[in-house]
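Per the numbering used here, residue 529 is the first one in the sequence shown, and the count goes up by one each step. C-beta atoms are modelled at their ideal positions from N, C-alpha and C, and glycine is treated no differently. A short write-up of the structure that comes next.
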Amino acid sequence: MNRRTLLLGGSALALAGVGAAGLAGALSPRRADLAGRPRLAMPRLVDTRESGRLELAAQDGTVAFRDGVPSPTAGFDQDFLGPVIRMARGPLDVAIRNRRRVPVTTHWHGLMVPGEHDGGPHSQIAPGADWTPDMEIDQPPATAFYHTHAHGRTAADVYAGLAGVVHVTDGRDDDRGLPATYGVDDLTLVLQDRRFDGRGRMAYDLTMMDVMHGMTGDTLLINGQIAPVAVVPKGIVRLRLVNGSNARIYTLFFDDDRPLHLIATDGGFLDAPRALDRLRLAPGERAEVLVDLAQGSPPVLMSAGDPNQGPGGMMGRMRAVLDVLRDRSFEVLPFAIDEAQTARITRLPDALDGTRPDLASAVTGTRRISLDMPMNMGGGMMGNGMMGGGMMGGGMMGSSGGDALFGLNGRPFAMERIDFTVQRGAVERWIVESPMLSHPIHVHGAMFQVVSEDGGAPRAESLGWKDTVLVTGRSELFVRFDQPASRSHPFMVHCHILEHEDRGMMGQFTVT
Ligand code: C2O
Ligand code: CU
Ligand code: CU
529 MNRRTLLLGG SALALAGVGA AGLAGALSPR RADLAGRPRL AMPRLVDTRE SGRLELAAQD
589 GTVAFRDGVP SPTAGFDQDF LGPVIRMARG PLDVAIRNRR RVPVTTHWHG LMVPGEHDGG
649 PHSQIAPGAD WTPDMEIDQP PATAFYHTHA HGRTAADVYA GLAGVVHVTD GRDDDRGLPA
709 TYGVDDLTLV LQDRRFDGRG RMAYDLTMMD VMHGMTGDTL LINGQIAPVA VVPKGIVRLR
769 LVNGSNARIY TLFFDDDRPL HLIATDGGFL DAPRALDRLR LAPGERAEVL VDLAQGSPPV
829 LMSAGDPNQG PGGMMGRMRA VLDVLRDRSF EVLPFAIDEA QTARITRLPD ALDGTRPDLA
889 SAVTGTRRIS LDMPMNMGGG MMGNGMMGGG MMGGGMMGSS GGDALFGLNG RPFAMERIDF
949 TVQRGAVERW IVESPMLSHP IHVHGAMFQV VSEDGGAPRA ESLGWKDTVL VTGRSELFVR
1009 FDQPASRSHP FMVHCHILEH EDRGMMGQFT VT
């Protein structure tokens, strides 16, 4: 473990690898040793605006992430992850080919499209087959996410690399005064933690604890790179942050306490930038922030530890002891200034054009969603009367997926069961509860507003339109259903900790 490798502390075992150098490395800004580190690279950009077409192939790959040791991976049109896809309002003819030997899907997480185009578990693409939805893009600018969603193997396959980023754009960011030069002052950052085995290969090997808490890694990848440095002009820089991790919850901040100016959440722009000291980002969430890099020496983007892996998690006692031994925050991305580049944007915009209509008067009904465990796994502990379903499924240690350890409203996911039906155009008030761990709830085909979190006002990062939000106890949402979904291609609602989703913490609904 060298100083550049981040110790994220995913498990108690990881502590054994924390020497004094590791501790110092994880805590110091390390400006001195930026030399020799790779420059942050952007994913290839595929702009569909001229052609109105998008062709991608899901394929297997190989990447030497560290020390020249190859790891088996997967990606869209490349070895690991996929290109950033830029799209605008209008028709988009898509063709996805599956060149792998196992089924994949391509789910458009954050695109508001009907169930048949959503790419969920019912849109499996068999090995060698194509999927060709003729889509219509019709939504405000946003940063979205695409990834495979073949039920029972989503976690392993996203971990291997079957994910990427979408930029929905209207081409008007200049008018908004926003940085918009791809890879220069407009950076896309896919944050993923991964675990490497003793031989240096990326490993996905689950213990029971990984299943319970979600799989966290000991090494951070940004766009597939280990320990890169972002080299930027001396001005305002836009970061499109995508939490592409299977389970890790990031709490981002700068080492010199400069603010992150939140400009967009999952569904698009806010009405004005909002200065945050810290930005929490759970799996599946996206956030766009502006950072002022004109002042002072360039900072390091950091993250605090994952609350699900900390004292609040199931290993609470042991973690509490470990936390005394070290600060669990870790480096995400150091910045360096390229004096030769001229900054195009040097001041923050005062206002943005996102809108957040008051939905309270439009609410048509209330629905309760509990992110829990079915039956004997924990129903009793939660005291909500869900004892006894006997839905344990197979062995508890299985990493093959499909073992129903988790549920939604006490029932594990079933492909053939529609859990509820919503009227198209409805706005529902959802009361979502996470009785034990914190779970990020994600809804397909709909955006929502967070009305309250744990009995209080929503957190600052929950104020825009959202499709995913971390529920730490009890949250209230107003969900608007504009897209149709039929029985054959229903929408999903699930926990975006992928190990939980694969093991049953998912339900499905139609919109008619
Ligand atoms: Cu990003 Cu149903 O998922
Ligand atoms: Cu989704
Ligand atoms: Cu979960």
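> Between the Cα of I624 and the Cα atoms of G656, D607, V960, which residue gives the shortest distance?
Replying inline: Of G656, D607, V960, the residue nearest in Cα terms is G656.
>> So N774 and A683 are supposed to be a Cβ contact under 8 angstroms. How far apart are they, rounded?
In response: Confirmed, about 5 angstroms.
> Quick one: what does DSSP say T892 is sitting in, helix, strand or coil?
Replying inline: When DSSP states are grouped into helix, strand and coil, T892 belongs to the strand group.
>> Given this structure, state the Cα-to-Cα distance separating Q1036 from P1018, to the nearest angstrom.
In response: A straight-line Cα-Cα distance of about 6 angstroms links Q1036 and P1018.
> Considering only the beta carbon of each residue, do V817 and L788 sit closer than 8 angstroms?
Replying inline: Contact flag set, yes.
> Any heavy atom of ligand 1 within a distance shorter than 7 angstroms of the CB on H637?
Replying inline: Checking every heavy atom of ligand 1 against the Cβ of H637, one is found closer than 7 angstroms.
> Which value, in whole angstroms, describes the spacing of the CA atoms of R872 and G763?
Replying inline: Rounded to the nearest whole angstrom, the CA to CA distance from R872 to G763 is 7 angstroms.
>> Are there any heavy atoms of ligand 3 lying less than 7 angstroms away from the beta-carbon of L573, as far as the coordinates show?
In response: No; taking the cut-off as 7 angstroms, the Cβ of L573 has no heavy atom of ligand 3 nearer than that.
>> Does the distance between the C-beta of I1025 and the nearest non-hydrogen atom of ligand 3 fall short of 7 angstroms?
In response: I1025 has its Cβ nearer than 7 angstroms to a heavy atom of ligand 3.
> Counting Cβ pairs, one atom from each stretch, are 3 or more of them under 8 angstroms apart for the region 1025-1034 and the region 673-682?
Replying inline: A contact between stretches requires three or more CB pairs, one per stretch, nearer than 8 angstroms, and the region 1025-1034 meets this requirement with the region 673-682.
> What's the C-alpha gap between I665 and S1003?
Replying inline: Spanning the two alpha carbons is a distance of roughly 30 angstroms.
>> Considering only their Cβ atoms, is the gap separating A954 from T892 smaller than 8 angstroms?
In response: Yes.
> What is the rounded straight-line gap between the Cα of M736 and the Cα of G742?
Replying inline: Taking the straight line joining both Cα atoms gives about 9 angstroms.
>> Less than 8 angstroms between the beta carbons of A755 and F863, yes or no?
In response: Judged by beta-carbon spacing, F863 lies beyond the 8 angstroms limit of A755, meaning their Cβ atoms are not closer than that value.
>> Assuming H789 is part of the beta strand (DSSP E), what are its boundary residues?
In response: 788-793 is the span of the beta strand (DSSP E), which, as asked, contains H789.
>> Buried or exposed for P619, going by 16 or more other Cβ atoms inside 10 Å?
In response: P619 comes out exposed.
> Say the cut is 7 angstroms; is the CB of H645 nearer than that to a heavy atom of ligand 2?
Replying inline: Residue side-chain check: H645 keeps its Cβ at 7 angstroms or more from all non-hydrogen atoms of ligand 2.
>> Taking its Cβ as the centre, do 16 or more other Cβ atoms sit within 10 Å of E867, making it buried, or is it exposed?
In response: So E867 ends up on the exposed side.
>> Among Q869, Q977, G983, whose alpha-carbon lies nearest the alpha-carbon of L821?
In response: Comparing alpha-carbon positions, the option among Q869, Q977, G983 lying closest to L821 turns out to be Q869.
>> When you measure from the CB of H677 to every non-hydrogen atom of ligand 3, does any distance come out below 7 angstroms?
In response: No - ligand 3 has no heavy atom lying nearer than 7 angstroms to the Cβ of H677.
>> Going by DSSP in three states, S990 sits in which element: helix, strand or coil?
In response: Helix at S990.
>> With a threshold of 6 angstroms on Cβ separation, who are the neighbours of P661 within its own chain once the five nearest residues in sequence on each side are excluded?
In response: Take P661, set aside five residues on each side of it, and the residues of its chain with a beta-carbon closer than 6 angstroms to its own are V622, H645, in chain order.
> Is any heavy atom in ligand 3 found nearer than 7 angstroms to the beta carbon of M964?
Replying inline: Relative to ligand 3, the beta carbon of M964 is positioned no closer than 7 angstroms to any heavy atom.
> Within the present structure, is the beta-carbon of H1028 separated from the nearest heavy atom of ligand 2 by less than 7 angstroms?
Replying inline: Checking the 7 angstroms criterion, the Cβ of H1028 is out of range of every heavy atom belonging to ligand 2.
> For S889, is the classification buried or exposed, using 16 other Cβ atoms within 10 angstroms of its Cβ as the cut-off for buried?
Replying inline: Using a 10 angstroms sphere on the CB of S889, the tally of other CB atoms stays under 16, which defines it as exposed.
>> DSSP has S1041 in a bridge; who is on the other side?
In response: Outside the displayed span of the chain (529 to 1040) sits residue 1041, for which this structure offers no information.
>> Out of P611, T883, Q753, which one is the CA nearest neighbour of D595?
In response: Out of P611, T883, Q753, Q753 has the C-alpha closest to the C-alpha of D595.
> Should P823 go down as buried or exposed, given a rule of 16 or more other Cβ atoms within 10 Å for buried?
Replying inline: The amino acid occupying residue 823 in the given sequence is Gln; Pro does not appear at that position. The Cβ neighbour count for Q823, taken over all protein chains shown within 10 Å, is under 16; the residue is labelled exposed.
> Taking C-beta to C-beta, are R776 and D733 nearer than 8 angstroms?
Replying inline: Their beta carbons are not under 8 angstroms apart, which means R776 does not touch D733 by this criterion.
> Of the choices E989, R957, G983, whose alpha-carbon is the least far from that of A974?
Replying inline: Closest option to A974, Cα to Cα, is R957.
> How long is the line joining the alpha carbons of R704 and P877, rounded to whole angstroms?
Replying inline: Annotation: R704 to P877 spans about 7 angstroms, alpha carbon to alpha carbon.
> Can H967 be considered in contact with ligand 2, in the sense that its beta carbon sits closer than 7 angstroms to one or more heavy atoms?
Replying inline: Every heavy atom of ligand 2 is 7 angstroms or more from the Cβ of H967, so no.
>> Alpha carbons only, please: which of F976, A708, L861, D746 is nearest the one belonging to D783?
In response: Taking only the C-alpha atoms, the option nearest D783 is L861.
>> I'd like the span of the alpha helix (DSSP H) that includes R704, first residue to last.
In response: That run of the alpha helix (DSSP H) goes 701-704.
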